[in-house]
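One structure is given below, encoded as structure tokens.
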Amino acid sequence: MSLPYTAPWLLAPMEGVTEPLFRGMVLGLHSPAELGGACTEFVRVSSAPLPRRVLRAHLGAQGPIPVALQLMGSDLQHLATTAARAVEVGAPVLDLNFGCPAKGALRGCAGSALMDDPERLRELVAATCEAADGRVPVTAKLRAGGDDDSRLEELVDAACTGGAALVTMHARTRAEAYSVDADWERLRRAADAARAHGVPVCGNGGVDRHADLEALRRETGCAYAMVGRGALADPWIFSGHEASGAEAAGFLLAYGRGLEAQGASTRGAAARVKQLLGHWRVGGLVPDEEARRSWLRERDPEALFARLEACVPQGARGSD
Ligand SMILES: Cc1cc2nc3c(=O)[nH]c(=O)nc-3n(C[C@H](O)[C@H](O)[C@H](O)COP(=O)(O)O)c2cc1C
Numbered sequence: 012m013s014l015p016y017t018a019p020w021l022l023a024p025m026e027g028v029t030e031p032l033f034r035g036m037v038l039g040l041h042s043p044a045e046l047g048g049a050c051t052e053f054v055r056v057s058s059a060p061l062p063r064r065v066l067r068a069h070l071g072a073q074g075p076i077p078v079a080l081q082l083m084g085s086d087l088q089h090l091a092t093t094a095a096r097a098v099e100v101g102a103p104v105l106d107l108n109f110g111c112p113a114k115g116a117l118r119g120c121a122g123s124a125l126m127d128d129p130e131r132l133r134e135l136v137a138a139t140c141e142a143a144d145g146r147v148p149v150t151a152k153l154r155a156g157g158d159d160d161s162r163l164e165e166l167v168d169a170a171c172t173g174g175a176a177l178v179t180m181h182a183r184t185r186a187e188a189y190s191v192d193a194d195w196e197r198l199r200r201a202a203d204a205a206r207a208h209g210v211p212v213c214g215n216g217g218v219d220r221h222a223d224l225e226a227l228r229r230e231t232g233c234a235y236a237m238v239g240r241g242a243l244a245d246p247w248i249f250s251g252h253e254a255s256g257a258e259a260a261g262f263l264l265a266y267g268r269g270l271e272a273q274g275a276s277t278r279g280a281a282a283r284v285k286q287l288l289g290h291w292r293v294g295g296l297v298p299d300e301e302a303r304r305s306w307l308r309e310r311d312p313e314a315l316f317a318r319l320e321a322c323v324p325q326g327a328r329g330s331d
């Protein structure tokens, strides 16, 4: 089934980060030719199917760049019922998470626990495809394996025979978590394995700069490239625009103030801004690790926002 993505570059799902506000801000910086699609953070399906209002809240409004809804679960029936509801509330793509290494996911035999059980993974993809009933594509996001990458091809085969329209491969195993450099050779293996099924692969892991996007496709044969933390370091990464200090600080301020407008406390909003500053690279705000530490040490949330405001020319401040 054809995918609605408008370009071969996708923003990765990131729990606690790619909620509708941050995601919408990144999408707003790009045209559909620069950024082809995004994804919600994972939505956990555990003891019961999820209500439509929860799915709607995660999905937010759809604009010109499609946003997939990501589900994570291990109960076939609950997952299928939730998938059918997700289609009803307007998800243009259903993505299944088989990569989450969190203990909760592993205990529930969901997320990356499925890296040890390709047959179950196939059943989950198939049940979701059946529930989607050809109305929207179902995609699967995998890691390169559990303890090692020896079953990579088997996992890709399972996702493809289950009916996935796209397989996203995060180039690290569950055991490696985020600790090692992404091994793009694994992306090439995934692309080769999926080609036999006529299924495209989205390579993920280690895209830090704009130029890495095309390099990943060129070097691995993947049809798509997905960016996670690279977009936290540089929300403009898909266009290659080099943000000025004012643009960079303006983005962080708008994010923090936007969170407050949604009901977050100033402290909570500042903590989320700091989470971005932990990765941030553009606009000269974080020239070195000492500067990063200085941002992250800032305990007074208003002082943090005042420091950011000082980087934005007066006329350009949204609230002035
Ligand atoms: C803070 C954070 C939250 C994440 N949450 C999710 C998630 O909800 N679903 C998912 O499939 N992957 C999640 N991931 C994994 C990313 O989507 C991506 O696969 C990973 O970060 C590797 O890509 P990168 O090297 O470009 O960051 C998360 C990663 C981070 C850093």
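This note's numbering puts the first residue of the sequence shown at 12, with every later residue one more than the last. Every residue gets a Cβ at the ideal spot worked out from N, C-alpha and C, and that includes glycine. In this text the structure is predicted, and so the values were computed from the model without any measurement.
- Judged by DSSP in its simplified three-state form, Glu45 adopts coil rather than helix or strand.
- Every alpha helix (DSSP H) of 4 residues or more that sits fully in the region 31-112 is shown, in chain order, as 31-39, 63-70 and 87-99.
- A direct Cα-Cα distance of roughly 8 Å separates Gly119 from Ser57.
- When the beta-carbon positions are compared, Thr139 and Leu177 stay at least 8 Å from each other.
- Straight-line spacing of the CA atoms in Gln73 and Met237 works out to 19 Å.
- Between the region 46-54 and the region 204-220, the count of C-beta pairs closer than 8 Å stays below three; the two stretches do not touch.
- Counting along the chain, Cys171 sits inside no beta strand (DSSP E); it lies in the alpha helix (DSSP H) bounded by residues Leu163 to Gly173.
- For Thr231, the enclosing alpha helix (DSSP H) covers residues His221 to Thr231.
- Of Gly279, Glu300, Arg292 and Gly294, the smallest CA-CA separation from Leu315 is found for Gly279.
- Separation of Arg146 and Glu320 (C-alpha to C-alpha, rounded to the nearest whole angstrom) is 46 Å.
- DSSP places Gly214 outside any alpha helix (DSSP H); the residue lies instead in the beta strand (DSSP E), whose first and last residues are Val212 to Asn215.
- In this structure, the straight-line span from the alpha carbon of Ile248 to that of Glu99 is close to 32 Å.
- Shown here for Ala175: same chain residues with a beta carbon closer than 7 Å to its own, the five before and five after excluded, namely Val136, Val149, Thr150, Ala151 and Val210 in chain order.
- Cβ-Cβ distances below 6 Å link Asp127 to Gly157 in the same chain, with the five nearest sequence neighbours on each side left out; the list follows chain order.
- Placement of the Cβ of Arg240 at a distance of less than 7 Å from at least one heavy atom of ligand 1 is found.
- No residue range can be given for Trp247, since it is assigned to no alpha helix (DSSP H) and is classified by DSSP as neither H nor E.
- In the DSSP assignment, Trp195 falls within the unbroken alpha helix (DSSP H) covering Trp195 to Arg206.
- The alpha helix (DSSP H) runs lying completely inside the region 250-307 and spanning 4 residues or more are 256-272 and 277-288, given in chain order.
- A straight-line Cα-Cα distance of about 51 Å links Asp311 and Glu141.
- Going by C-alpha positions, Leu163 is about 9 Å away from Leu153.
- With fewer than 16 other CB atoms across the displayed protein chains lying within 10 angstroms of its CB, Ala222 is exposed.
- Counting C-beta atoms within 10 angstroms of its own C-beta, Ala143 has 16 or more neighbours from the protein chains shown and is therefore classed as buried.
- Each residue's CA atom was taken as its position, placing Ala116 and Ser250 some 34 Å apart.
- The continuous alpha helix (DSSP H) containing Leu319 extends over residues Pro312 to Ala321.
- Per DSSP, the continuous beta strand (DSSP E) segment holding Thr150 begins and ends at Val149 to Arg154.
- For Ala170, the shortest separation between its Cβ and any heavy atom of ligand 1 does not lie below 7 Å.
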